[in-house]
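Report on the following structure.
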Amino acid sequence: MWKYYIFLIVVVMMFSGNLVVGKYVNELPATTVALIRNLIAFFVILPFGYQQIKQQWPSFKHNWVPLMGYAITGITTFNVLVYLSLNYTSSTNAGIVEATTPVFAMILGYIFLKERLTRKQVLGVFISLIGAVWVMVEGSLTVLVNLAVNRGDFIMLMAVISWAFYTLLIQQHNHKFPLLGAMVVMLFFGNLLLIPFVFVGWSSGLPEGLFQPELIAGLLYLGIFPSVVALMLWTRAVAAVGPSKASVFLNLLPVFTMIGAVLFLGEAITAAQIVGGAIAVSGVILAMRQ
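Letter by letter, the sequence shown follows residues 1 to 290 of the UniProt record's numbering.
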């Protein structure tokens with residue numbers, strides 16, 4: 001079981017760059033970012049997933065509905081809404097909203113999968129949520145109270161709910177498909193859904209700066225790490241430990257974002273952030289205990 005917890009930590013490390021890089025590339029339309037990210041992921045996985053699709057074609061043919069559900073919730077809707085939200089809100093606000101993901105995953109798992117919830121698990125989720133928020137506001141209640149709620153926050157909330165449903169679908173249907181083949185198919189469907197919206201946005205011309213080296217580097221990061229490696233590990237982990245336990249690890253996102261900012265951007269770390277990180281980690285550990 002510890003192997004899957006390590007998978008989830010690696011996932012969070014890769015996701016921690018998603019909001020930062022997403023904010024950096026948000027001068028491009030959200031649908032454009034989502035499509036390019038997904039196309040990169042599709043072509044990276046295709047050589048490996050194609051053989052699985054050929055070998056188990058009947059399984060894919062008869063179970064295309066859940067694969068379409070994967071594409072709609074986890075590939076198209078989630079990505080577009082995340083990048084769209086960053087046009088209207090700050091990374092801090094978006095991170096706080098994203099920290100509610102474990103709560104929604106826990107509720108949906110209980111309603112639809114009849115997932116058994118223990119007191120330790122529920123308490124751990126909320127403790128880790130408190131720790132995550134504490135890191136993002138650097139322990140300042142004034143900052144928390146003065147955060148201005150805007151439409152970007154509501155868009156991010158819709159993204160969170162979409163991801164929670166995606167996680168639920170993984171738990172229900174993951175056993176029907178080989179992993180890489182399923183990723184190829186859902187990315188294919190997701191790209192088909194995105195293409196019409198992208199072309200509508202490009203009707204007046206290609207977005208400015210599309211071929212800037214910095215933006216290309218950011219899109220490559222999004223296409224390879226959050227979209228391929230993290231998605232593979234997330235799928236394996238959710239199937240093994242369940243959506244509620246897997247999702248609570250997402251409250252470590254602010255902790256890893258903080259560590260990355262210290263290591264790569266030279267930012268200072270405050271005592272309040274260390275305390276918040278410790279609270280978030282302790283909540284995750286509590287939620288993992290039986």
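Glycine included, C-beta positions come from ideal geometry on N, C-alpha and C.
Go ahead and pull the three-state DSSP assignment for residue i.
i: Arg-151; result: helix
i: Ser-85; result: helix
i: Thr-92; result: helix
i: Leu-113; result: coil
i: Val-133; result: helix
i: Pro-254; result: helix
i: Ser-204; result: coil
i: Phe-211; result: coil
i: Gln-172; result: helix
On a Cα-Cα basis, can you pick out the residue from the options that is closest to residue i?
i: Tyr-83; options: Glu-27, Gly-260, Ile-45, Gln-171; result: Glu-27
i: Val-137; options: Val-10, Ser-282, Met-258; result: Met-258
i: Ile-216; options: Ser-91, Trp-163, Val-33, Phe-104; result: Val-33
i: Pro-254; options: Val-135, Phe-7, Ala-278, Phe-126; result: Val-135
i: Asn-174; options: Met-232, Ile-111, Asn-251; result: Met-232
i: Ile-155; options: Gly-223, Leu-81, Gly-205; result: Leu-81
i: Phe-112; options: Met-1, Pro-243, Val-248, Asn-79; result: Pro-243
i: Pro-226; options: Thr-31, Gly-74, Thr-142; result: Gly-74
i: Ser-282; options: Ala-268, Val-248, Phe-48; result: Val-248
i: Asn-18; options: Val-262, Ile-279, Lys-245, Val-228; result: Val-228
i: Leu-46; options: Ala-30, Val-184, Leu-168, Lys-23; result: Val-184
Assuming the contact rule is C-beta atoms closer than 8 Å, residue i and residue j should be a hit. Round their C-beta distance to whole Å, please.
i: Val-25; j: Leu-219; result: 6 Å
i: Thr-118; j: Leu-194; result: Not a contact, Cβ separation roughly 39 Å.
i: Thr-235; j: Ile-161; result: Wrong, their Cβ atoms sit about 19 Å apart, outside the cutoff.
Inspect the beta-carbon positions of residue i and residue j and report whether they are closer than 9 Å.
i: Ser-128; j: Val-284; result: yes
i: Ala-159; j: Leu-108; result: no
i: Asn-63; j: Asn-191; result: no
i: Gly-260; j: Val-65; result: no
i: residue 303; j: Tyr-110; result: The displayed coordinates of the chain run from 1 to 290. Any statement about residue 303 would go beyond what the structure contains.
i: Lys-245; j: Gln-121; result: yes
Segment contact, 8 Å Cβ cut-off, at least three pairs: the region 195-207 with the region 88-96: No: the two stretches stay apart, fewer than three of their Cβ pairs being nearer than 8 Å.
Below 8 Å, how does it come out for the region 40-56 and the region 167-182: are there three or more Cβ pairs, yes or no? Taking a cut-off of 8 Å for Cβ pairs, the region 40-56 and the region 167-182 touch, as three or more such pairs fall below it.
With a cut-off of 8 Å, do at least 3 Cβ pairs link the region 90-102 to the region 205-216? Using a C-beta cut-off of 8 Å, the region 90-102 makes no contact with the region 205-216, since fewer than three inter-stretch Cβ pairs fall below that distance.
Spell out a yes or no on whether the region 36-48 and the region 271-282 are touching, meaning 3 or more CB-CB pairs, one atom from each, closer than 8 Å. Short answer: they don't touch.
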